[in-house]
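**Q**
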Amino acid sequence: MSQKKRVLFLCVANSSRSQMAEALLRHTDPEHFEAFSAGTAPTEVDPRTRHALEHLGVSTEGLFSKSVEQVAGEPFDYVITLCDKSALECLALPGTGEYIAWNFEDPATSAQKDAYRKTLHEIHERIKMFVLIKSKPASADPEAMTPTDVFKCLADETRTRIALLVTLEQELCVCELTAALQLAQPKISRHLALLRSCGLLEDRRNGQWVYYRLHPQLPEWVREVLKRTLDSNAEWLRPDVQRLWQMRDRPGRKPLCD
Numbered sequence: 001m002s003q004k005k006r007v008l009f010l011c012v013a014n015s016s017r018s019q020m021a022e023a024l025l026r027h028t029d030p031e032h033f034e035a036f037s038a039g040t041a042p043t044e045v046d047p048r049t050r051h052a053l054e055h056l057g058v059s060t061e062g063l064f065s066k067s068v069e070q071v072a073g074e075p076f077d078y079v080i081t082l083c084d085k086s087a088l089e090c091l092a093l094p095g096t097g098e099y100i101a102w103n104f105e106d107p108a109t110s111a112q113k114d115a116y117r118k119t120l121h122e123i124h125e126r127i128k129m130f131v132l133i134k135s136k137p138a139s140a141d142p143e144a145m146t147p148t149d150v151f152k153c154l155a156d157e158t159r160t161r162i163a164l165l166v167t168l169e170q171e172l173c174v175c176e177l178t179a180a181l182q183l184a185q186p187k188i189s190r191h192l193a194l195l196r197s198c199g200l201l202e203d204r205r206n207g208q209w210v211y212y213r214l215h216p217q218l219p220e221w222v223r224e225v226l227k228r229t230l231d232s233n234a235e236w237l238r239p240d241v242q243r244l245w246q247m248r249d250r251p252g253r254k255p256l257c258d
């Protein structure tokens, strides 16, 4: 059995958002991940955080507020910050593999009704996406893809639309997909990361832009499925294509052979 990946969630007070993320990752995939949390100015776990987690059926056992200094000497595969302030302050931990910056509104200062449950839901959705992406091999082999792999990866409307738009246009960047699908950039990026980890897409950098295209080693039968789906569902995709073609200042690109 492979060694579990160690994940550290960081926020300022280590009272709400980072505690939620720690408990949710332990709940979602304890087989592949070990979850920890800390704060740059720790206080104590907010009772409303515990209540929101317990309402969702997530255990709060073992949660307590701790300082980032207490874990600074430990190795982590991922360090994930959950607010802008911690992202600026926590980029010097030794022994860290990958830094990831998330940003969620502090429920303690929010005027929204059920702010803690709302924040918990948003973090839960991000955790589920993180698990989907990071529990897979770092680079999937497109040539070994099975029908189950393909249809599982495309079993989401946003990912299907992205795959068909890329099939149509040959390659697209995040800003073009954001304009076409009218979705926020972080959401588009998360779906692109999943499509890439599945082996359907490949990215390439050209200056400040990162472009996504169908993986060059994608089996011909997968390309044919995407092309036939595109040809048979032009009306379904038409609004996305029109928004893409009407987009002003689309980034320029060099030929793929350059």
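In full-length UniProt numbering, the protein residues as written are 1 to 258.
C-beta: ideal position from N, C-alpha, C; glycine also.
#1: Please return the same chain residues whose Cβ sits closer than 6 Å to the Cβ of residue 160, not counting the five positions on each side in sequence.
#2: Going by Cα to Cα distance, which pick from 215, 59, 51 is closest to residue 30?
#3: From residue 68 to residue 81, what distance separates their C-alpha atoms?
#4: Per DSSP, what kind of secondary structure is residue 131 in: helix, strand or coil?
#5: If I measure Cβ to Cβ from residue 2 and keep anything under 6 Å in the same chain, skipping five residues before and after, which residues do I get?
#6: Helix, strand or coil: how does DSSP classify residue 16 here?
#7: Could you tell me whether the Cβ atoms of residue 211 and residue 171 are closer together than 7 Å?
#8: Keeping to the same chain, check which residues put their C-beta closer than 8 Å to that of residue 166; ignore five residues upstream and five downstream.
#9: Under the three-state reduction of DSSP, which class applies to residue 35: helix, strand or coil?
#10: Residue 269 and residue 5: beta carbons closer than 7 Å?
#11: Would you please state the rounded distance, in angstroms, between the beta carbons of residue 49 and residue 19? I believe it to be under 8 Å.
#12: Counting only the same chain and skipping the five closest in sequence on each side, list residues whose C-beta sits under 6 Å from that of residue 237.
#13: Rounding to the nearest angstrom, what Cα-Cα distance links residue 23 and residue 109 in this structure?
#14: When the Cβ atoms of the region 186-198 are set against those of the region 227-242, are three or more pairs found closer than 8 Å?
#15: Could you give the distance in angstroms between the alpha-carbon of residue 11 and the alpha-carbon of residue 220?
#16: Nearest-angstrom Cα distance between residue 25 and residue 9?
#17: Residue 7 bridges to which residues according to DSSP?
#18: Please name the residue, chosen from 128, 38, 218, 101, that lies closest to residue 72 on a Cα-to-Cα basis.
#19: If you draw a straight line from the C-alpha of residue 16 to the C-alpha of residue 131, how long is it?
#20: Out of 181, 188, 143, which one is the CA nearest neighbour of residue 223?
#21: Give every residue of the same chain whose Cβ lies closer than 6 Å to the Cβ of residue 241, excluding the five residues on either side of it in the sequence, and list them in chain order.
#22: Taking buried to mean at least 16 other C-beta atoms within 10 Å of its own C-beta, is residue 126 buried or exposed?
#23: Quick one, which of 206, 209, 185, 181 has its alpha-carbon nearest residue 246's?
#24: Cα separation between residue 52 and residue 243?
#25: State the Cα-Cα distance for the pair residue 178 and residue 122, rounded to the nearest angstrom.
**A** In short:
#1: The residues are 154.
#2: Cα-wise, what sits closest to residue 30 is 59.
#3: Whole-angstrom Cα-Cα distance: 12 Å.
#4: If DSSP states are grouped into helix, strand and coil, residue 131 belongs with the helices.
#5: Any reading at residue 2 must be qualified, since the residue scores a pLDDT of 49, below 50, and its modelled position is unreliable; the value itself is stated next. Short of 6 Å from the beta carbon of residue 2, and not among the five residues preceding or following it, lies no beta carbon of its own chain.
#6: Residue 16 sits in coil when the DSSP states are folded into three classes, being neither helix nor strand.
#7: In contact: residue 211 and residue 171 (Cβ atoms closer than 7 Å).
#8: If we look at residue 166 and ignore the five residues flanking it on each side, its Cβ neighbours are 172, 201, 212, 213, 214.
#9: Residue state, collapsed to three classes: strand.
#10: Since the first and last residues shown for the chain are 1 and 258, residue 269 lies out of range.
#11: The pair is a contact, with the Cβ atoms about 5 Å apart (cut-off 8 Å).
#12: Here residue 237 has 164 as same chain residues with Cβ atoms under 6 Å from its own Cβ, once five neighbours each way along the sequence are excluded.
#13: The alpha-carbon atoms of residue 23 and residue 109 are separated by roughly 21 Å.
#14: Contact fails: fewer than three Cβ-Cβ distances are below 8 Å.
#15: Approximately 46 Å, taken between the alpha carbons.
#16: Those two C-alpha atoms are separated by around 10 Å.
#17: As a beta-bridge residue in DSSP terms, residue 7 pairs with 35, 78.
#18: Considering only 128, 38, 218, 101, the residue with the shortest C-alpha distance to residue 72 is 38.
#19: Roughly 21 Å separates the two Cα atoms.
#20: Checking every option, the nearest Cα to that of residue 223 belongs to 143.
#21: Beyond the five residues adjoining it in sequence on each side, residue 241 comes within less than 6 Å, by CB distance, of no other residue in the same chain.
#22: Flag for residue 126 reads buried.
#23: Checking every option, the nearest Cα to that of residue 246 belongs to 181.
#24: Cα to Cα, the separation comes out at about 39 Å.
#25: Spanning the two alpha carbons is a distance of roughly 20 Å.
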